[in-house]
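What follows is a short report on a single structure.
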Amino acid sequence: MRIYVAGHRGMVGQSLTRRLAELGHEVVARSRAELDLLDQAAVARFFASEQIDQVYVAAAKVGGIHANMTYPAQFIYENLMIAANITQQAFATGVKRLLFLGSSCIYPRLADQPIREEALLAGKLEPTNEPYAIAKIAGIKLCESYTRQYGATHGIDYRSVMPSNLYGPGDNYHLENSHVVPALVQRFHLAKISHAPSVLIWGSGRARREFLYVDDMVQGCLDVMELSRAAYEQHTDPMRGHINLGTGEDVSIAELVEKIREVVGYEGAIRYDLAQPDGAPRKLLDVSRAASFGWRAGVRLDEGLRRTYADYQKCIRTAETLVELA
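So for the sequence shown, this note's numbering puts the first residue at 27; every next one is plus one.
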């Protein structure tokens, strides 16, 4: 099949592109310079010319607490436009199957743990990432709505998965605008090579998070897409058409900090900035629906963190080589 992967340069997109190519599919990809997903007309021209069979929507503006609090308008606008433009143009050009990739932040801040898919829209969102979460919820509802309205008449089957916090090779290691795992990997590495006496961590360290290795998540996406329509409907309903993907286990941020400190080999002190927010106190997903059709995460957190740090070191060496060549 000709499969369009929106966001192929991101962590998820890179892993997804590799796996689809291994399975023999023709992956269609465009950089942001080649296709601005915020431009409705450009997206329409792209779909009209490419004869796409399936779509994976892995494109998004993403980041941690700091980025979400600093750029709320960009987070809601860009993610809304990406979801709306791709979904509509996929439908307009006859794409029958599409998978939208959401985030566990869509769920209420104080949702019962572990969080079942039914918890969506059952309470208030976490304020620090509410704009991003609302855009992701809109993406889920687009998939549900197009399937409800056009499933029977046009064969439309648009699906959504909600992964827990993702990490792994190919991540964005920016100190301030990335997610917690890559940000901590970068921070501890820089502290190590500079012999800094301590590292400052945002918040109290008590918040708990679930972390899913990117390749495990990609296999979950493929498994969801391969389900027949009848099988997918057994695990969802028309107004809750998404499936959680996670490990079913969580750790505190303080525990994560210690794991990354050990992987990097940093021996200094850890300090916590209690003036900074923790975000939601806990986000552990109920993954029983995914387990019921055979999917389970395979990479343990300790091993995933070792692979992530190795990838970070490779990125550093590549950047240093490019500087030397320049």
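Positions of the beta carbon are idealized from the N, C-alpha and C atoms, including for glycine.
(request) Mind checking which residues open and close the beta strand (DSSP E) that includes Phe237? (result) Phe237 to Tyr239
(request) Return the chain-ordered ranges of every beta strand (DSSP E) run that is complete within the region 252-319 and spans a minimum of 3 residues. (result) 268-271 and 295-299
(message) Which same chain residues end up closer than 7 Å to Tyr258 when comparing Cβ atoms and leaving out the 5 residues on each side of it in sequence?
(response) Arg185
(message) Considering only the alpha carbon of each residue, which of Val206, Ala161, Ser41 and Asn105 lies closest to Arg234?
(response) Val206
(request) Tell me, to the nearest whole angstrom, how far the beta carbon of Arg123 is from that of Gln80; I am working on the premise that it is less than 8 Å. (result) 5 Å
(message) Helix, strand or coil, according to DSSP, for Ala336 in the structure here?
(response) helix
(message) Three Cβ pairs or more, each shorter than 8 Å: is that satisfied between the region 56-67 and the region 95-109?
(response) yes
(message) Judging by CA-CA distance, which residue of Gly324, Glu144 and Tyr335 is the nearest neighbour of Asp242?
(response) Gly324
(request) For Ser278, verify whether its CB is less than 8 Å away from any heavy atom of the ligand ADP. (result) Absent from the structure shown: the ligand ADP. Ligands present: none.
(message) Helix, strand or coil, according to DSSP, for Ile182 in the structure here?
(response) coil
(request) Excluding the 5 residues preceding and the 5 following Met95 in the sequence, name in chain order all residues of the same chain whose CB lies nearer than 6 Å to its CB. (result) Thr154
(message) Closer than 8 Å is the cut-off here; do at least three beta carbon pairs connect the region 246-264 with the region 278-297?
(response) no
(message) For Ile342 and Arg287, I'd like the C-alpha separation in whole angstroms.
(response) 18 Å
(request) May I have the straight-line CA-CA distance separating Leu348 from Gln339, to the nearest angstrom? (result) Residue confidence is low: Leu348 scores 47 on pLDDT, short of 50, so the model does not pin down where it sits. No coordinate-derived value is stated.
(message) Please report the distance separating the alpha-carbon of Ala352 from that of Ile219.
(response) Because Ala352 carries a pLDDT of 46, less than 50, the predicted location of this residue cannot be relied on, and the following value inherits that uncertainty. Rounded to whole angstroms, Ala352 to Ile219 spans 24 Å at the Cα level.
(message) If the criterion is Cβ atoms closer than 9 Å, does the pair Gly39 and Ala84 meet it?
(response) yes
(message) For Phe72, which residues in the same chain have their Cβ closer than 6 Å to its Cβ, ignoring the five residues on either side in sequence?
(response) Leu61
(request) Express the C-alpha separation of Ile160 and Gln100 in angstroms, rounding to a whole number. (result) 13 Å
(message) Less than 9 Å between the C-beta atoms of Arg315 and Ile269, yes or no?
(response) yes
(request) Can you have a look at Arg322 and say buried or exposed, based on whether 16 or more other CB atoms are within 10 angstroms of its CB? (result) exposed
(request) Check whether the Cβ atoms of Pro195 and Ala336 lie closer than 9 Å to each other. (result) yes
(request) Pull up the distance between the alpha-carbon of Leu210 and that of Val283, whole angstroms please. (result) 7 Å
(message) Mapping the DSSP letters down to three states, classify Pro134 as helix, strand or coil.
(response) coil
(request) Excluding the 5 residues preceding and the 5 following Tyr199 in the sequence, name in chain order all residues of the same chain whose CB lies nearer than 8 Å to its CB. (result) Pro208, Ala209, Val211, Gln212, Tyr338 and Cys341
(request) For Met7, name the three-state secondary structure that DSSP assigns. (result) Examination of residue 7 is not possible in this model, given that the chain is present from 27 through 352 alone.
(request) Identify which residue in Cys131, Ser57 and Gly50 has its Cα closest to the Cα of Gly89. (result) Cys131
(message) Can you tell me where the alpha helix (DSSP H) holding Ala68 begins and where it ends?
(response) Gln66 to Glu76
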